[in-house]
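> Handing you a structure now.
Protein chains: 2
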Amino acid sequence: MFTSGQYRVLRTISTLGPVSRTQLVEITGLSKATMSALTRELLDRNILCERELVFGQGRPSILLGLNAVSVCFAGVSMQSDPSIILLTDLLGEIIAHKEFVRASDPETCIENIERGIRELVAQAGDRAGPLGGVGIAIPGFVARDRRLCYRSVVLEWRNVDIVTPLEKCLGVPVFAENDANALIQGEHLFGIMRDCPDFSMIIVGDGGIGCAHIVDGKLHRGFQGGAGEISHTTVVWPDGRETNRPCSCGKRGCLDTVSSLRAIRSMAQQKGLPTTPLELERQAREGNADALHILHTAGGAMGMAVAQLVQLFDPSQVVVLLDQPFREGVFGAVLRQTMETHIMPRPDWEMTLDLRETLGTGWATGAAGIATRQFLFSE
Amino acid sequence: MFTSGQYRVLRTISTLGPVSRTQLVEITGLSKATMSALTRELLDRNILCERELVFGQGRPSILLGLNAVSVCFAGVSMQSDPSIILLTDLLGEIIAHKEFVRASDPETCIENIERGIRELVAQAGDRAGPLGGVGIAIPGFVARDRRLCYRSVVLEWRNVDIVTPLEKCLGVPVFAENDANALIQGEHLFGIMRDCPDFSMIIVGDGGIGCAHIVDGKLHRGFQGGAGEISHTTVVWPDGRETNRPCSCGKRGCLDTVSSLRAIRSMAQQKGLPTTPLELERQAREGNADALHILHTAGGAMGMAVAQLVQLFDPSQVVVLLDQPFREGVFGAVLRQTMETHIMPRPDWEMTLDLRETLGTGWATGAAGIATRQFLFSE
DNA sequence: ACTGTTAATTTTATTTGGTGAACAATATAA
DNA sequence: TTATATTGTTCACCAAATAAAATTAACAGT
Chain A
1 MFTSGQYRVL RTISTLGPVS RTQLVEITGL SKATMSALTR ELLDRNILCE
51 RELVFGQGRP SILLGLNAVS VCFAGVSMQS DPSIILLTDL LGEIIAHKEF
101 VRASDPETCI ENIERGIREL VAQAGDRAGP LGGVGIAIPG FVARDRRLCY
151 RSVVLEWRNV DIVTPLEKCL GVPVFAENDA NALIQGEHLF GIMRDCPDFS
201 MIIVGDGGIG CAHIVDGKLH RGFQGGAGEI SHTTVVWPDG RETNRPCSCG
251 KRGCLDTVSS LRAIRSMAQQ KGLPTTPLEL ERQAREGNAD ALHILHTAGG
301 AMGMAVAQLV QLFDPSQVVV LLDQPFREGV FGAVLRQTME THIMPRPDWE
351 MTLDLRETLG TGWATGAAGI ATRQFLFSE
Chain B
380 MFTSGQYRVL RTISTLGPVS RTQLVEITGL SKATMSALTR ELLDRNILCE
430 RELVFGQGRP SILLGLNAVS VCFAGVSMQS DPSIILLTDL LGEIIAHKEF
480 VRASDPETCI ENIERGIREL VAQAGDRAGP LGGVGIAIPG FVARDRRLCY
530 RSVVLEWRNV DIVTPLEKCL GVPVFAENDA NALIQGEHLF GIMRDCPDFS
580 MIIVGDGGIG CAHIVDGKLH RGFQGGAGEI SHTTVVWPDG RETNRPCSCG
630 KRGCLDTVSS LRAIRSMAQQ KGLPTTPLEL ERQAREGNAD ALHILHTAGG
680 AMGMAVAQLV QLFDPSQVVV LLDQPFREGV FGAVLRQTME THIMPRPDWE
730 MTLDLRETLG TGWATGAAGI ATRQFLFSE
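Okay, structure coming up:
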């Protein structure tokens, strides 16, 4: 725990990188006297360390940076099987990582996570500081307090708390978070969207279509934590409702029924087409009408959903994480075009759509980032 | 201007109504000593006043309430012609009001507002305190700094600043705000949604379809201030795109082209039907297929838009302000039903849809509320 | 009428987080 | 060497909040 002044210093250094005391004074608006005391405290506690000198006229300034090895954080992703567990430093860099078998049974799961973390910490040795916290990305609904998992379909969990037992046996704070929320917060803190105060992220992965929003620099959860449920927004309407298979959620025309990898695979299979993104895009490029139609439908629906999102939310940026063949093929092109034709044209329009690669370790680093953010900013 | 401690006291008393010092201590978490000093300062400045005693065992407690007549605020709505101007007290109660001719020319407009406010202040006399600020609701885009109006179609304004001249001649802070934003903030502060931290509001009025969101207790403007543009979300798709007339924004299938009063009137006229909501709903009730179709289309599209909003935002409540015949007729019924069938069913679903009457003075009281909020909470 | 009890509010001395101004440190430029 | 520029520290002081003690204003029982 730090004081509010110390948190201000940590926040600035974390977002801007190494800076001198004088720069900190200018940025934070605090006085030189206060800054002198604050930085001394943080240096004493080994969270900060002095870096290189910057010479100019007058006394050279000493850059202060986060001491990367002063603490480390563990990130766990239950998103896939095998699951991933890794150790990051204070700057979000991965120190060590390993895979482990995903167990549905909470007790086994807790054991696996505990053992995994202990192994990684031992393995890292001197390269990592003491463990400062743990974050766990869970595919499912997680309570606002980041302890209880209300429900996870893949894990077959209902009101499971793996946080309390883990905190007890590891002796550090542990946080559970929805996987998409963990990912977006990680990218916001350390990754591609570093410090962008307003954006949305959509992830098209094996587990379905995930989505999360950063509004005003903070995660927007929604009243019941449902603000990321883009996969069940209606995009095939009204004509598609009859031809289209019902969604697992009970309604018809959901984005999930046409744009998810599962849906695309199933549609391709039905037509006797190959089911991998690469092969399907190749067939479409070669003129196969069925392949073209499937990709057109999927990309168009996703574009429609993004358009709804942009029109209602007005984020500064939307990032879609997507497999490379889709990004550069029909799917991506139709997605972009459909979005553009369904957003109100504005002269000063500066919103950007970014299609990017899905990072395998993103979920776990995001999870570690939750613990890091709590440590650095207390939020 | 007050200190941060004083703002905390004002915020609690404004949301909870009269409370004793001891209650304030419990609620704010400040100490008795601090509270004693803070309340004394506010009593000295006449912002608070002592109300009735509450007897129990021991020394009776003295309720402290806002001194309604210590300041007053002016609210101006340029939403309709004639425009409305009114005076409210610290509790949001209307003290006096009048209408004035809406002039497009900024100079005339400023003169009219200044004269109107001076007349109302004179007319109110002892019933109102000195003027503490002015809020102006403008149909159009207003900058985040609440001074410059980028663009208003109805007023034919482009980069007009009526705030600076008004501040100069009235000598109090003046704030311009988009009309829907003013309305929702007013309802949030004093009205039907008092203190609800998460909700959206849609207004179906003569000027088109307005929309605004309160997220986390604050107005959500969006990156470019476009978060309220629900009227250009696509709801008729894909089959309606060809049959449907293009929207004034340039694209097709916008909510505005089927659910706005203007669109409904125009469709009714085309079919030789009466154009008032009351008459149209009556025809539909009596079985007229055209009237039914028009109202079904309009209500269904609105329901679709609300469903998109709920699915992506997850607000705790959506309020639609609508004429009574529509609320109780086909429009309202179809709106509600369409919304429900296009939202992912959830067991713990507690989100509510409220259809309510449009208040004529809502825009202007909302505008006054902007100035009040700035005065009371400095935000 | 007096006395004790309870609870609200005020007073007093102290802590905490911050400030401005003077000063010490450490470089470059002449 | 000396002047100049700039960084960072020290010191005396202030504002906001606190804990604990004192004061006030009621009621209840003798």
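Sequence lines, in order, name chains A and B. Mapping to our numbering: the first sequence position 378 is 378, numbers consecutive. Mapping to our numbering: the second sequence position 17 is 396, numbers consecutive. The beta carbon of each residue, even a glycine, is placed where N, CA and C say it ideally should be. The structure presented is a predicted model; accordingly, all values stated were derived computationally and were not measured.
(1) Note down, in chain order, every chain A residue with its Cβ under 8 Å from the Cβ of THR382 of chain B.
(2) Kindly list, in the order they appear in chain A, the residues whose Cβ is closer than 8 Å to that of ALA606 of chain B.
(3) So which of A:MET302, A:ILE294, A:LYS251, A:PHE223 has the shortest CA-CA distance to LEU321 of chain A?
(4) Using a C-beta to C-beta distance shorter than 9 Å, which residues of chain A count as neighbours of ALA686 of chain B?
(5) Here's the rule I'm using: 16 or more other beta-carbon atoms within 10 Å means buried, otherwise exposed. How should GLN458 of chain B be labelled?
(6) For ASP198 of chain A, would you say it is in contact with chain B, using Cβ-to-Cβ distances shorter than 7 Å as the test?
(7) Opposite TRP157 of chain A in the DSSP bridges: which residues?
(8) Count Cβ pairs between the stretch 450 to 468 of chain B and the stretch 502 to 521 of chain B that sit closer than 8 Å; are there 3 or more?
(9) Could you spell out where the alpha helix (DSSP H) holding GLY362 of chain A opens and where it closes?
(10) Any beta-carbon of chain B closer than 7 Å to the one on PHE331 of chain A?
(11) Can you list, in chain order, the residues of its chain with a C-beta nearer than 7 Å to that of ILE343 of chain A? Leave out the 5 residues immediately preceding and following it.
(12) Is there a Cβ from chain A that is less than 7 Å from the Cβ of ALA746 of chain B?
(13) What is the residue span of the beta strand (DSSP E) that LEU427 of chain B lies within?
(14) Over the uninterrupted alpha helix (DSSP H) stretch that includes ASN112 of chain A, give me the two end residues.
(15) Name the chain A residues whose beta carbon is nearer than 7 Å to that of VAL594 of chain B?
(16) Determine the extent of the beta strand (DSSP E) in which GLU99 of chain A is found, giving its start and end residues.
(17) Compute the distance between the beta-carbons of ALA663 of chain B and LEU671 of chain B, then report whether it is under 7 Å.
(18) Give me, in chain order, the residues of the same chain whose beta-carbon lies closer than 8 Å to that of LEU170 of chain A; leave out the 5 immediate sequence neighbours on both sides.
(19) Classify ASP354 of chain A as helix, strand or coil using the three-state DSSP reduction.
(20) With which residues is SER579 of chain B paired in a DSSP beta bridge?
(21) Given that ILE609 of chain B touches chain A, what residues does it touch there, using C-beta distances under 8 Å?
(22) Using a Cβ-Cβ cut-off of 6 Å (strictly less than) and excluding sequence neighbours within five positions of PRO544 of chain B, which residues of its own chain qualify?
(23) Rounded to whole angstroms, what is the Cα-Cα separation between ALA268 of chain A and LYS650 of chain B?
(24) Give me the Cα-Cα distance between GLY226 of chain A and PHE692 of chain B, rounded to the nearest whole angstrom.
(25) Short check: CB of ALA684 of chain B to CB of VAL615 of chain B, under 7 Å?
(26) Looking at the structure shown, is GLY511 of chain B part of a helix, part of a strand, or coil, going by DSSP?
(27) State the DSSP-derived secondary structure class of SER645 of chain B, mapped to helix, strand or coil.
(28) Which residues in chain B have a C-beta closer than 8 Å to the C-beta of ASP81 of chain A? List them in chain order.
(29) Return the first residue and the last residue of the alpha helix (DSSP H) that ILE13 of chain A is part of.
(30) Is DSSP giving VAL236 of chain A helix, strand or coil here?
(31) Chain B beta carbons: is any one of them nearer than 7 Å to that of ALA303 of chain A?
(32) Nearest by alpha-carbon distance to PRO315 of chain A: which of B:CYS633, B:GLY607, B:ALA750 is it?
The short version:
(1) Ordered by position in chain A, no residue passes the 8 Å Cβ test against THR382 of chain B, which lies about 17 Å from the chain.
(2) LEU312, PHE313, ASP314
(3) A:MET302
(4) THR233, THR234
(5) buried
(6) yes
(7) A:SER152
(8) yes
(9) 362 to 377
(10) no
(11) ALA307, VAL310, GLN311
(12) no
(13) 427 to 433
(14) 106 to 124
(15) VAL215, HIS220
(16) 94 to 100
(17) yes
(18) GLU114, ILE117, LEU131, VAL134
(19) strand
(20) B:HIS592, B:VAL697
(21) GLN311, LEU312
(22) ILE489
(23) 46 Å
(24) 8 Å
(25) no
(26) strand
(27) helix
(28) Ordered by position in chain B, no residue passes the 8 Å Cβ test against ASP81 of chain A, which lies about 26 Å from the chain.
(29) 4 to 16
(30) coil
(31) Reading off the sequence shown, one finds Gly at residue 303 of chain A, where the question assumed Ala. So, not an interface residue.
(32) B:GLY607
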